[in-house]
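Below is one structure; the comments refer to it alone.
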Amino acid sequence: MGSFSERLIRRPITTILLMVALVIFGVVGYARLPISDLPSIDFPTLQVNVSLPGASPTTMATSVATPLEQQFSSIAGITEMGSSSGQGSSQITLQFNLDRDIDAAAQDVQTAISQAARQLPADLPSPPSIRKVNPAEQPILYLVLSSDLLPLSEVTQVAQVRIAQRLSTLDGVSQVQLFGAQKYAVRIRVDPQALNAKGIGLDQVNGAVRAGNSNQPTGNLYGKRQTVSVQDNGQLNDAAAYRQLVVAYRNGSPVQLGEVAEVLDSVNSDRSASWYNGSRSIVVAVQRQSGSNTVAIADAVNALLPSLRAELPGAIELQVLFDRSEGIREAIHDVEVTLVVTVALVVGVVALFLGTGITTALPALAIAVSLIGTFGGMALLGYSLDNLSLMALTLSVGFVVDDAIVMVEAIVRRQEEGETRWQAALQGAREIGPTILSMTLSLVAVFIPILFLGGLLGRLFREFAVTLSLAILLSGVVALSLTPMLAARLLPEPGDAQRGNALLQRFDRLFERLSRGYGLSLATALRRPRLVQMVSAGLLLLTLVLFLVVPKGFIPDADTGQLTVNTQSAEGTSFEEMAAMQTILARKLQANPAVAGVNNTVGSGGSNSTANNGRLFLKLKPRSERPQSAAELARSLRKVVNSVPGLRGFVKVPAAVNVGAVQSRAQYQYSLQAIDQDALLDAAPEFEQRLRGLPGLSDVSSDLQSHNPQLEITVDRDRAASLGVDASAVQASLRSAYGDQQVSTIYRSDGQFPVILGVELDAQNSPADLDLLTVRNAQGRLIPLSTLAASRRTVTALTVNHTDQLPSVTFSFNINPGVSLDTVTTEIRALAEQLLPAGTTGAFVGSAKVFEQSVSGLGWLLLAAVLVIYLVLGILYEDLIHPLTILTSLPSAAVGGLATLIVFGSELNLYSTIGLVLLIGIVKKNGIMMVDAAIGQRRQGAGLKTAIHSASMLRFRPIMMTTLAAIVGTLPIAIGWGAGAETRRSLGLVVVGGLILSQFVTLYITPVSYVLAERLARRLGLRKIQDQGLG
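For the sequence shown, counting from 1, position 692 maps to 976 in the numbering used here; every step adds exactly one.
Now the structure itself:
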């Protein structure tokens, strides 16, 4: 290291040009970094959607979902497969392992669909569709279109043709979705009494509509001089044209469709709706491509809005419902402010110890060059400027300055001993270079286990670890090159620099007394090693105890300026009743002063889109304009969302990272599975009731809906056979009447639109209305349905859910404040063991599943970090004992970090776990400085205790400087201000608490451990290779 630094000290132009190139590289890289809230995390997930109007949930599950699931089960790489079948639709979600290519997976799924085609119902209106989704990515922008004058079908058409298509062409946009869309359709609502009066059956109407609307090629006329295309008027384009369609002849006169039915220009789905602030609306959701710049995309969309508004009909209003980039900008800005504050605090610490302007400027310059250069490396690796990478840079300030501090301190100390600045720079670099190498490489080594982590943890924190490692490595390079080169030319010569500031002189006197006191107390500790050993053993034991008792969590809730409310009413609730109840709730929520806007959706907007389920999206006012955080507001709104009679509400803070592809009413989920569906349905209600009784849980609900009112039609087969009627004719008649059957398609230049057949609304009110239906027999006569079938009231499933092909029931729940997730998971597992019958199993899914996996891997991650550091230090020192001496300070850091979490009511979550890993890398720096100096003292012939005592006194000032710099560098994160601070605060608490305790304890434990370890090494004969490393 000395020769490396010496060459660059003697070649200032080379050194300066290298640093300038590094800065230019960083500036260019910074300009190219995309901006996002978190690193890009791709969960390869596919959704397969199948529609069969009129089919019951059980029919959809058995005839559609099951055959497809059986084919999908053979596809490689599937980690989770689940399905939800409702009235007329099934949605199957396939989640693959993180290394699976999503395009290849989509091809495999399409092949499986083709293989299952023969097992699917022949009358599916369209083949199953495949959609790529990423549950970890939320839409970055929601737009709202509404109109008080135009029908929603026209607004939908505008949204699809003018808005969605234009937005899809923007760079970085992956897809644009419409929620609450009402596509144009012609609805034929037949009057059964009018049909019966004229002796016309529903099958005749069905056939007439199919035959009367034709869109087939008709050919051309080829003349000798001209070719003329032939086109007939077989296409019917709207309700008015369909009213004139002849469905039969009676007494020689035509019977038009308008005489026996109400024919309307309507919409394809009249059992779903969306409102924004009380007005019917359509929501446009913009999804970004993975790795693209969220802020740049949002800016592009907002820039396009004025021209889009100018193109819209005057009666349509276009508003921004939610812009995720606003929260990202605020969070990024706050982190940048934190970074600036951190730099100022760290520079202040340096100035306090070193005093003169140039000695303070050198470490400050090292910080700037290292951080700017890191931006270039981030851009080269395809990283983004996000909360985690900026947090890594903020944390790095306290670490990157360490190398420069140690270098400058060594040079200044030599000057104080009488050397010239040139001699001090050369000798100081030669003396301290190996120490800086050890500190830098060992600190970077602590992140190696994170780089090999799989799953969510690996994807989420890999960018953080690499960014921090880049900054630390660059700081080592700068400290060994630029810092000594400038010191050799710019530092005042001995005697020139005076700390004339009274405050600094007072600090010098105080520090001198502190140093003398430390020397005396260290000598006492070296005379009483057993006492120090007992303290060290006690700290190790306390570490294990605290690790067991500290509350454990997953990812802290982030305040992103939004809340979601999922609602549910009794099974069988009509769409109109559900809409009325949810409208009341929406008004109550909109009246809250913290809420800026409410989007209210009924009957659509998720996999569980039944009429008795709804969803509300709450846009919150900026954090500065409301006293409560999103989590606090969610808790205060629980009474409000359950204040509407007949309606249950579940408030949810959107997770920072969504895990799992299934939407749920709460943050965590637990799923029951069984081969025997009846046993599962028997066990689930009691299990849910017991979950509600657990004191740590709130918002407990399940996706079990098995008591939906049903009218069961039983055909007297003997009677039907005698009348010449088969079962398929009965089913066809019922479906035509009540199944919203698409009987034809309108082909127009602006799209394709369905023609839907059914009976009028007044003929769908009660079971008695079935008596109006007729069925055509084999002889062509119409037979009243009541003469061959009977009906009775029963209940049936409103939704049928599968997990990995087995019937399943999933429970969702939130956790009350002050309750840890690990406590809750333990209680739920115990409850499952107590209640579940044989053959029924339970498992956590989604975030709770990842939490279980992360907790089980937490201890191994920390052990791996310790092991890697030991290996690196062993290689650097060519010694087996010195690394153990350096690592003896780790228990004190762990105790300080874990105790701080407990005192401040925080959890050991993913962020604070990374803080513990950081502590492992930070606290051993003190040990490295002591042991390095002691090795040098021993080579000069000093005795064992004398060597470590002298080394500790020699390194006391740099140890205090570097540790204090790391503490004040992390303090802004621990205090936690600004947008998103609640997520990163636990990491800061761990680091600050661990450093404070370890700073005090390490000053004694490391020297005593060094003495004891050296005596042990002598007994073992290991000192034959003593002090050959880092020579």
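Note that CB positions come from ideal geometry on N, CA and C, so glycine has one too.
Because the structure is a prediction, the values reported are computed rather than measured.
Residues that residue i bridges to, as DSSP identifies them
i, result
"W706", "Per DSSP, none; premise fails for W706."
"W559", "R564 and N884"
"A569", "Y426 and Q461"
"S1028", "V1039"
"E546", "R473"
"N897", "Q852"
"N1098", "S982"
"Y952", "F1097"
"L382", "Looking at the DSSP assignment, L382 forms no beta bridge with any residue, so it has no partner."
Limits of the beta strand (DSSP E) - the one that residue i falls within
i, result
"V445", "Premise fails: V445 is in no beta strand (DSSP E) and is neither H nor E."
"E970", "Where E970 is concerned, there is no enclosing beta strand (DSSP E), although the alpha helix (DSSP H) it sits in stretches over Q961 to R976."
"S362", "The question names Ser, but residue 362 is Ile in the sequence shown. Run containing I362: I362 to G370, per the beta strand (DSSP E) assignment."
"A1073", "A1073 to T1080"
"D983", "L981 to S986"
"T1124", "T1124 to V1129"
"K936", "L931 to K936"
"S513", "T511 to S513"
"I1067", "L1066 to P1068"
Within 7 Å, strictly: CB atoms of residue i and residue j
i, j, result
"Y1294", "I1243", "no"
"I1045", "T894", "This sequence places Leu at residue 1045; Ile is not what is there. No, Cβ-Cβ distance for L1045 and T894 is not below 7 Å."
"D1216", "T719", "yes"
"G661", "L754", "yes"
"T1254", "G682", "yes"
"A1013", "V1059", "yes"
"V886", "L900", "no"
"I1186", "V834", "yes"
"L832", "L646", "no"
"F745", "L1105", "no"
"G370", "P337", "no"
"L902", "L964", "no"
"A580", "D607", "no"
"F380", "A389", "yes"
"S1196", "M1214", "no"
N- and C-terminal bounds of the alpha helix (DSSP H) containing residue i
i, result
"G611", "R608 to L638"
"H1233", "L1228 to L1238"
"Y506", "Careful: Y506 lies outside any alpha helix (DSSP H), inside the beta strand (DSSP E) at N504 to Y506."
"I732", "I732 to L735"
"P538", "Unbroken run through P538 is the beta strand (DSSP E), S537 to Q540; no alpha helix (DSSP H)."
"Q399", "I386 to A400"
"R527", "A523 to R527"
"V1108", "L1105 to L1119"
"V1320", "The structure shown has nothing for residue 1320, since the chain only spans 285 to 1315."
"T867", "F859 to Q874"
"V928", "Segment: none, V928 is in no alpha helix (DSSP H) and carries neither H nor E."
"N1085", "Where N1085 is concerned, there is no enclosing alpha helix (DSSP H), although the beta strand (DSSP E) it sits in stretches over V1084 to T1087."
Any non-hydrogen atom of the ligand ATP within 6 Å of residue i CB
i, result
"V1252", "For the structure depicted, the ligand ATP is absent and the ligand set is empty, with no information on it obtainable."
Do the stretch 932-941 and the stretch 1112-1124 touch if we need at least three Cβ pairs shorter than 8 Å?
-> Verdict: no, contact absent.
Is the stretch 461-476 touching the stretch 538-556 in the sense that three or more CB pairs, one from each, lie closer than 8 Å?
-> By the C-beta criterion, the stretch 538-556 is judged to be in contact with the stretch 461-476, since at least 3 inter-stretch pairs fall below 8 Å.
Using 8 Å as the threshold, is the stretch 424-436 in touch with the stretch 986-1002, meaning 3 or more CB pairs across them?
-> Contact annotation: the stretch 424-436 does not touch the stretch 986-1002, with fewer than three C-beta pairs closer than 8 Å.
Between the stretch 1235-1252 and the stretch 819-826, are three or more C-beta pairs nearer than 8 Å?
-> Segments in contact, no.
contact_flag[the stretch 1275-1291, the stretch 709-725] where n(CB pairs < 8 Å) is 3 or more | The answer is no - the stretch 709-725 does not touch the stretch 1275-1291, with fewer than three Cβ pairs under 8 Å.
For the stretch 320-327 and the stretch 787-795, state whether three or more C-beta atom pairs, one from each stretch, are separated by less than 8 Å.
-> Cβ pair count under 8 Å is below three, so no.
Jot down the residue ranges of each uninterrupted alpha helix (DSSP H) in the stretch 1165-1231, minimum 4 residues, whole runs only, in chain order.
-> For the alpha helix (DSSP H) assignment, the uninterrupted runs of no fewer than 4 residues enclosed by the stretch 1165-1231 are, from N- to C-terminal side, 1166-1171, 1174-1187 and 1194-1223.
Completely contained alpha helix (DSSP H) runs for the stretch 993-1023, where each covers 4 or more residues = Secondary structure within the stretch 993-1023: the alpha helix (DSSP H) runs of 4 or more consecutive residues, fully enclosed, are 1001-1006 and 1011-1022 (chain order).
Which runs of the alpha helix (DSSP H) spanning at least 4 residues fall entirely within the stretch 314-359, listed in chain order?
-> The DSSP assignment places complete alpha helix (DSSP H) segments of no fewer than 4 residues inside the stretch 314-359 at 341-344 and 350-356, in order along the chain.
Which whole runs of the alpha helix (DSSP H) in the stretch 773-829 are 4 residues long or more, in chain order?
-> You should have 786-811.
Ranges of the alpha helix (DSSP H) found wholly within the stretch 650-728, counting only runs of at least 4 = The qualifying runs are 671-700.
Is the stretch 1221-1239 close to the stretch 752-766, with three or more CB pairs under 8 Å?
-> Contact annotation: the stretch 1221-1239 does not touch the stretch 752-766, with fewer than three C-beta pairs closer than 8 Å.
Determine, using beta-carbon pairs with one atom in the stretch 515-531 and one in the stretch 485-501, whether at least three such pairs fall under 8 Å.
-> Contact holds: three or more Cβ-Cβ distances are below 8 Å.
State whether the stretch 824-839 contacts the stretch 851-863, with contact taken as three or more CB pairs (one from each stretch) at a distance under 8 Å.
-> No: the two stretches stay apart, fewer than three of their Cβ pairs being nearer than 8 Å.
Determine, using beta-carbon pairs with one atom in the stretch 920-929 and one in the stretch 867-877, whether at least three such pairs fall under 8 Å.
-> Yes: at least three Cβ pairs fall under 8 Å.
Between the stretch 669-678 and the stretch 1216-1226, do three or more beta carbon pairs fall short of 8 Å?
-> As far as the Cβ criterion goes, the stretch 669-678 does not touch the stretch 1216-1226, which means the pair count is below three.
Using 8 Å as the Cβ pair cut-off and three pairs as the minimum, do the stretch 1091-1101 and the stretch 951-962 touch?
-> Yes, the stretch 1091-1101 touches the stretch 951-962.
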